[in-house]
Amino acid sequence: SQELEQSPQSLIVQEGKNLTINCTSSKTLYGLYWYKQKYGEGLIFLMMLQKGGEEKSHEKITAKLDEKKQQSSLHITASQPSHAGIYLCGAFSGNQFYFGTGTSLTVIP
Amino acid sequence: NAGVTQTPKFQVLKTGQSMTLQCAQDMNHEYMSWYRQDPGMGLRLIHYSVGAGITDQGEVPNGYNVSRSTTEDFPLRLLSAAPSQTSVYFCASREQGLANTEAFFGQGTRLTVV
Numbered sequence: 039s040q041e042l043e044q045s046p047q048s049l050i051v052q053e054g055k056n057l058t059i060n061c062t063s064s065k066t067l068y069g070l071y072w073y074k075q076k077y078g079e080g081l082i083f084l085m086m087l088q089k090g091g092e093e094k095s096h097e098k099i100t101a102k103l104d105e106k107k108q109q110s111s112l113h114i115t116a117s118q119p120s121h122a123g124i125y126l127c128g129a130f131s132g133n134q135f136y137f138g139t140g141t142s143l144t145v146i147p
Numbered sequence: 009n010a011g012v013t014q015t016p017k018f019q020v021l022k023t024g025q026s027m028t029l030q031c032a033q034d035m036n037h038e039y040m041s042w043y044r045q046d047p048g049m050g051l052r053l054i055h056y057s058v059g060a061g062i063t064d065q066g067e068v069p070n071g072y073n074v075s076r077s078t079t080e081d082f083p084l085r086l087l088s089a090a091p092s093q094t095s096v097y098f099c100a101s102r103e104q105g106l107a108n109t110e111a112f113f114g115q116g117t118r119l120t121v122v
């Protein structure tokens, strides 16, 4: 089965600071998804990366995929309280979709 | 479009009771799946389906049954609820056969087994 390890497990940052979340796969990545979950709510799709070296941005969130390293990183610039939540990476292995272990982000105003 | 709809949103069961968590999608997606989310464990795949009449087990299938009689619906059945099944359950759907398409999630069902 695919294993996706995220680091850090939790993060507390001051508003305005930049931060990075990493997702490392135990298998070759053929695509990587990032989701955000607000506490007690469902999952919100952020972006999907399909090719090695691909980089996508949505507002102040940028994600990159490094297929050689079997890794993806999610970077938030000038964090805001609205960025708080749990960030999850995910990937398919065959027909099964696996999630990462999750990163809990707290942004202090 | 309603997307993926899960019902109920909250449920309390007594040990040994049975119930069905409903999941419906209106996007004509072939692929549907069920996850449970537990603190410190992330989301784990319970069962999935790649089309009507086809289901398969995920990582943690024990204690759960599924069926897929239509493209739209993918119910999850707990045959005899146990406290270990206290969790938040998410249903998801996506297009099958297309590489790397977005998966859409329901809002979750919070289940407590006492």
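Heads up: the protein sequence lines correspond to chains A and B, in order. Numbered according to the working numbering, the first sequence spans residues 39 to 147. Numbered according to the working numbering, the second sequence spans residues 9 to 122. Glycine included, each C-beta is placed from N, C-alpha and C at the ideal position.
Is the Cβ of G90 (chain A) closer than 9 Å to any Cβ of chain B?
no
For G59 (chain B), which residues in chain A fall below 7 Å Cβ to Cβ?
Result: empty, since nearest Cβ-Cβ is about 11 Å, beyond 7 Å.
Whose Cβ in chain B lies nearer than 9 Å to the Cβ of N60 (chain A)?
Chain B residues near N60 (chain A): none, gap ~15 Å exceeds 9 Å.
Could you tell me the distance, in whole angstroms, from the CA atom of T100 (chain A) to the CA atom of L87 (chain B)?
Roughly 43 Å between the two C-alpha positions.
If distances are taken between C-alpha atoms only, which option among B:G66, B:L119, B:Q25, B:E110 comes closest to V12 (chain B)?
B:E110
In chain order, what residues of the same chain have a beta carbon less than 8 Å from the beta carbon of L49 (chain A), not counting five sequence neighbours either side?
L57, I59, T141, S142, L143, T144
Say whether the stretch 121-131 of chain A touches the stretch 54-72 of chain B, bearing in mind that this needs 3 or more beta-carbon pairs closer than 8 Å, one atom from each stretch.
The way I'd put it, the stretch 121-131 of chain A doesn't touch the stretch 54-72 of chain B; fewer than three beta-carbon pairs between them come closer than 8 Å.
Name, please, each residue of chain B whose Cβ falls closer than 9 Å to the Cβ of E41 (chain A).
Residues of chain B passing the Cβ test: none, with the nearest at roughly 11 Å.
Identify the contact partners of L67 (chain A) in chain B, using a Cβ-Cβ distance below 8 Å as the criterion.
Here the premise fails: no neighbours, minimum Cβ distance about 10 Å.
By the DSSP assignment, the beta strand (DSSP E) with S110 (chain A) in it spans what residues?
Start and end: 109-114.
Would Q14 (chain B) and T117 (chain B) qualify as a contact pair, given that the criterion is a beta-carbon distance under 9 Å?
yes
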